[in-house]
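Inspection log for the structure reproduced underneath, given as structure tokens.
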Amino acid sequence: MHEAPGGVRAEDRQGLPDTLAWSFVAFALFLATALVVLRHTGLAALPMALMGVATAVALLVGRSRNRPAHRRPWTFFALGAGLFLVGAVLRQVLSGSASAPLADAATLTGYGFTLAAFIAILLSRRSVRGGLHELTDGLIVTVSVGAVAVVVFTLPTATQGSLSAFALVQGVYPVVDVVVLFVIVLLSWTSTKLVASYWFLATGTFWLLVGDVGYAYIGTQGHLVGSPVMDLPFILGFAGLGAAALHPSMRSLSQPQLRPVQAWSNGRLAILVVAVLLPPTLLVAWYDSEAVSWVGAVSAALITLLLLVRAVGAVRGYARSQEGLRHQATRDALTGLSNRPHLVEQVDALIRRSETDGGRVDMLFLDIDGFKLVNDSWGHHVGDRVLNAAAARLEGIAGPTDLLARIGGDEFVLARFVGAGSNNDGQNLAAEVIDGFRTPMTVSDASLVTTVSVGLASSIGPSTAEGLLRDADTAMYRAKDAGRNRCVVFDTSMRDSVRARVETELALRHALDRDQLLLHYQPIVSLADGEIRGVEALLRWAHPGKGMISPLDFIPVAEETGLIVEIGAWVVSESLRQLASWRARSSAADPDLWMSVNVSARQLQQDSSLVAHVEAELRRYGVPAHLLILELTESAMMADPVSSALLLTQLRELGVSLAVDDFGTGHSSLSHLRRFPVSKVKIDRSFVSGIEDDADDEEIVRAVVAMSLAMGLEVVAEGIETPGQYALLNRLGVQFGQGWHFGRPAAAEDLVLRPVVSRPA
Ligand code: C2E
Ligand code: MG
Ligand code: MG
Numbered sequence: 017m018h019e020a021p022g023g024v025r026a027e028d029r030q031g032l033p034d035t036l037a038w039s040f041v042a043f044a045l046f047l048a049t050a051l052v053v054l055r056h057t058g059l060a061a062l063p064m065a066l067m068g069v070a071t072a073v074a075l076l077v078g079r080s081r082n083r084p085a086h087r088r089p090w091t092f093f094a095l096g097a098g099l100f101l102v103g104a105v106l107r108q109v110l111s112g113s114a115s116a117p118l119a120d121a122a123t124l125t126g127y128g129f130t131l132a133a134f135i136a137i138l139l140s141r142r143s144v145r146g147g148l149h150e151l152t153d154g155l156i157v158t159v160s161v162g163a164v165a166v167v168v169f170t171l172p173t174a175t176q177g178s179l180s181a182f183a184l185v186q187g188v189y190p191v192v193d194v195v196v197l198f199v200i201v202l203l204s205w206t207s208t209k210l211v212a213s214y215w216f217l218a219t220g221t222f223w224l225l226v227g228d229v230g231y232a233y234i235g236t237q238g239h240l241v242g243s244p245v246m247d248l249p250f251i252l253g254f255a256g257l258g259a260a261a262l263h264p265s266m267r268s269l270s271q272p273q274l275r276p277v278q279a280w281s282n283g284r285l286a287i288l289v290v291a292v293l294l295p296p297t298l299l300v301a302w303y304d305s306e307a308v309s310w311v312g313a314v315s316a317a318l319i320t321l322l323l324l325v326r327a328v329g330a331v332r333g334y335a336r337s338q339e340g341l342r343h344q345a346t347r348d349a350l351t352g353l354s355n356r357p358h359l360v361e362q363v364d365a366l367i368r369r370s371e372t373d374g375g376r377v378d379m380l381f382l383d384i385d386g387f388k389l390v391n392d393s394w395g396h397h398v399g400d401r402v403l404n405a406a407a408a409r410l411e412g413i414a415g416p417t418d419l420l421a422r423i424g425g426d427e428f429v430l431a432r433f434v435g436a437g438s439n440n441d442g443q444n445l446a447a448e449v450i451d452g453f454r455t456p457m458t459v460s461d462a463s464l465v466t467t468v469s470v471g472l473a474s475s476i477g478p479s480t481a482e483g484l485l486r487d488a489d490t491a492m493y494r495a496k497d498a499g500r501n502r503c504v505v506f507d508t509s510m511r512d513s514v515r516a517r518v519e520t521e522l523a524l525r526h527a528l529d530r531d532q533l534l535l536h537y538q539p540i541v542s543l544a545d546g547e548i549r550g551v552e553a554l555l556r557w558a559h560p561g562k563g564m565i566s567p568l569d570f571i572p573v574a575e576e577t578g579l580i581v582e583i584g585a586w587v588v589s590e591s592l593r594q595l596a597s598w599r600a601r602s603s604a605a606d607p608d609l610w611m612s613v614n615v616s617a618r619q620l621q622q623d624s625s626l627v628a629h630v631e632a633e634l635r636r637y638g639v640p641a642h643l644l645i646l647e648l649t650e651s652a653m654m655a656d657p658v659s660s661a662l663l664l665t666q667l668r669e670l671g672v673s674l675a676v677d678d679f680g681t682g683h684s685s686l687s688h689l690r691r692f693p694v695s696k697v698k699i700d701r702s703f704v705s706g707i708e709d710d711a712d713d714e715e716i717v718r719a720v721v722a723m724s725l726a727m728g729l730e731v732v733a734e735g736i737e738t739p740g741q742y743a744l745l746n747r748l749g750v751q752f753g754q755g756w757h758f759g760r761p762a763a764a765e766d767l768v769l770r771p772v773v774s775r776p777a
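For the sequence shown, our numbering gives the first residue as 17, with consecutive numbering after it.
In structure tokens, the structure reads:
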């Protein structure tokens, strides 16, 4: 027969089967029965001897096969069990002889090892350190039970006259037992989970203690050796020790453990109450000698001291955790600066002070420029270091009475109380901050230049911290819009425009459902012959209260809120529906008339499902894909170049054409044009409007045309308003044009799709 090659190894990893531990217990019960049966025969000592040997073997086997991380405790247990056995044999052999104390020497050393084993377990789980409460509680129990043991067993045996030398040794056992008990209690109070092996150990130790109490009792009667039946508890005790070692859960006994949260369980409380009451009870109930009253008094005093230690420890611990909670509640975890609630509290106090003493509070709202980029490209750990470095820099700049807080991701606040007549105000502080960020920071061995955008608001008139924060935040956004790395001072007109923006946002959410959005169309003509070749769909919002709103006013809001995805999808559908309807009436338009549709950066994100929508709508309206031109600005393409390139390629594969809108206002980079699959370039209106008077504009247009022709791209000029612009652009080689000269954007029904302008002279 062959054994699976991995078999032995897997068994090693899992340890011994837990049935083995139970088999060992069964074996012990068999020996216990044998002991009772053989008690009057010459073989009475045999079961106990067998059990001793079996236990030592079980301990050694469990130690090597269960592979605990710490083997020492089990070695100690094995040595302890071996010495118990030696003690028991010697006791029988040397009974009555002068060397009888040798038996006790062996047994007591065995206890020493057992104790050492428990202590080794406690140390290996590293949970006792700092466990002041477990230690004091354990000691209280120990002192109390120890006092009882001394009064009940040790004192009576010690007063047995002639036997005193041996008897005193007998009286020591219960005291040793009490110490073992202490360690067992500690073990349970420092465990989060009590495993089977623990229960075997605890039960085993319990029976050993029972056995000792039995011997201690006959010791008080003046005997050293009793009936063999008195060894029964020892057999059971050994059963527990051996089973504990054989059970696979023994490994977790000596693993490092989390200390259970300090809670006074009812069980523990009950044990402690009994322990505290025992010594005084002894004094009152057992008073028969001076020795007893001494033991009672000393133990009561000790317990009182321990309770005091425990109380002081508890009060200190409570104070420390309160302090910790307070710190947590007011501090930002990453930088250790104040957090938002704490800042608000402090600023409100400053504002109240300014109301009585005069003066004002200046608040700077700071946001690190391009922080998202740092986080995205270098990872969060670098981001965290940048935040810490920024916090340190701000701490260096802030004066001793200034307030500094981190209130969000990369947002910090500096607040300064400006006394009446003082000119050490927020403006100065802002200048220092912006200057302070000029020197690069060193983060993870790299040198990084970060700038900050700052909004400044002052508490003039009735204000609150929250109001100041809002205003400074608004001003900070202006600083970002104005090009970052600067400070903008809040003024109330900003508040109005914020309000207007919020209103626009709310109204825009309903605009689509309530059919308030519509498309106007503007013709795009071939400059060579003046024929209309395409139209551009331009979005309009017929606002019930405000009339027609320009896309320049609401598209930024739609982009910010993400509404543009839904609106943009509607524009695609509606413009294709319109194109299909023109195409259906063949008299209305050129069969090759194209439709230009503007697309925002947000729509290029993967999850906007632009490609699928475009494909479905083309099919739905039966429009050939090449008649749809999607217009994108360079900055929209560059917002997320990798994902845009992928998406634009997918659109290109559908057959859709792509145009770069507003060319000349962005990077105007040739490499971008090569990188993205575009086929048209739209020259921005700003170049066209100046082209007749400004030689530079003419040069730029000439260059764009030359470059585009070289790359095989078609050029469209935007915003042609005069015949002069038309003529010049035509001469420069621009193929297509769009502008008021040819026609303003108009509703579909108002549009004349026949040549409107004669060819230039
Ligand atoms: P754009 O794509 O560059 O559109 C051309 C803009 O120039 C239109 O403004 C048009 O009315 C205007 N225009 C055309 N000819 C002339 C002219 O001869 N002189 C002058 N001064 N202006 C002229 P409009 O309709 O206000 O649209 C502004 C911008 O809004 C568009 O710029 C486009 O970027 C955006 N937009 C419009 N509709 C949509 C849309 O459906 N989706 C998206 N994402 N953006 C849109
Ligand atoms: Mg456009
Ligand atoms: Mg444009």
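In this text, a Cβ means the ideal position worked out from N, Cα and C, and glycines have one as well.
With DSSP run on the structure shown, which of helix, strand or coil describes residue 484?
helix
Does residue 751 pass the burial test, meaning 16 or more other C-beta atoms within 10 Å, or should it be called exposed?
buried
Would residue 221 and residue 251 be called neighbours here (beta carbons separated by less than 8 angstroms)?
no
Residue 623 bridges to which residues according to DSSP?
Per DSSP, none; premise fails for residue 623.
State whether the stretch 74-84 contacts the stretch 108-119, with contact taken as three or more CB pairs (one from each stretch) at a distance under 8 angstroms.
no
Cα separation between residue 717 and residue 573?
32 angstroms
So if DSSP puts residue 565 in a beta bridge, which residue, or which two residues, is it bridged to?
557
Distance check for residue 73 and residue 44, CA to CA, integer angstroms please.
13 angstroms
Beta-bridge pairing of residue 376 - partner residues as DSSP gives them:
434
Under 8 angstroms between C-beta atoms of residue 230 and residue 249
Taking the C-beta atoms as reference points, residue 249 is found nearer than 8 angstroms to residue 230.
If you measure between the beta carbons of residue 432 and residue 442, is that distance less than 8 angstroms?
Their beta carbons are under 8 angstroms apart, which means residue 432 touches residue 442 by this criterion.
If you follow the alpha helix (DSSP H) that residue 402 is in, where does it begin and where does it stop?
396-413
Excluding sequence positions up to five away, which residues of its chain have a Cβ less than 6 angstroms from the Cβ of residue 539?
548, 551, 758 and 759
Own chain, CB closer than 7 angstroms to residue 119, minus 5 neighbours either side, in chain order:
103, 106, 107 and 110
Short of 6 angstroms in beta carbon distance, which residues of its chain neighbour residue 130, apart from the five on each side in sequence? Order them along the chain.
In the same chain as residue 130, and ignoring 5 residues on each side of it, the C-beta atoms closer than 6 angstroms to its own belong to 96, in chain order.
Let me know the secondary structure DSSP gives residue 364 once reduced to three states.
Helix at residue 364.
Residue 60 to residue 283 span [Cα, whole Å]
41 angstroms
Is any heavy atom in ligand 1 found nearer than 7 angstroms to the beta carbon of residue 702?
no
Between 599, 746, 366 and 70, which has its C-alpha nearest residue 37's C-alpha?
70
Do you know offhand how far residue 500's Cα is from residue 383's?
When the Cα atoms are used, residue 500 and residue 383 turn out to be separated by approximately 9 angstroms.
Under the assumption that residue 163 contacts residue 300 (Cβ atoms under 8 angstroms), give the Cβ distance between them as a whole number of angstroms.
13 angstroms between Cβ atoms; not a contact.
For the structure I just gave you, are there three or more beta carbon pairs, one from the stretch 486-499 and one from the stretch 468-477, closer than 8 angstroms?
yes
With a cut-off of 8 angstroms on the beta carbons, I'd call residue 342 and residue 355 a contact; round off their distance for me.
Not quite, the Cβ-Cβ distance comes to about 12 angstroms (not below 8 angstroms), so this is no contact.
Any idea what DSSP makes of residue 577, helix, strand or coil?
helix
Roughly how many whole angstroms lie between the Cα atoms of residue 396 and residue 149?
40 angstroms
Does the structure place the stretch 286-302 close enough to the stretch 316-336 that three or more beta carbon pairs sit under 8 angstroms?
Judged by pairs of C-beta atoms under 8 angstroms, the stretch 316-336 touches the stretch 286-302, as three or more such pairs exist.
With distance defined between alpha-carbon atoms, name the residue in 388, 741 and 493 nearest to residue 754.
741
Assuming residue 68 contacts residue 216 under a Cβ cut-off of 8 angstroms, what Cβ separation, rounded to an integer in Å, is found between them?
About 17 angstroms; that fails the 8 angstroms criterion.
Per-residue burial, residue 31 [other beta carbons within 10 Å of its own, 16 or more giving buried]:
Flag for residue 31 reads buried.
If I measure Cβ to Cβ from residue 502 and keep anything under 6 angstroms in the same chain, skipping five residues before and after, which residues do I get?
495
Going by DSSP, what residue range makes up the beta strand (DSSP E) through residue 469?
468-474
Beta-carbon proximity of residue 688 to residue 727, cut-off 8 angstroms:
The Cβ atoms of residue 688 and residue 727 lie no closer than 8 angstroms to each other.
Around ligand 2, what residues have a beta-carbon under 6 angstroms from a heavy atom of it, in chain order?
552, 614, 647 and 677
So the candidates are 410, 644 and 365; which of them puts its Cα closest to the Cα of residue 592?
644
Compute every distance between the C-beta of residue 720 and the non-hydrogen atoms of ligand 1, then say whether any falls below 7 angstroms.
no
Which of the three DSSP states is assigned to residue 302 in this structure?
coil
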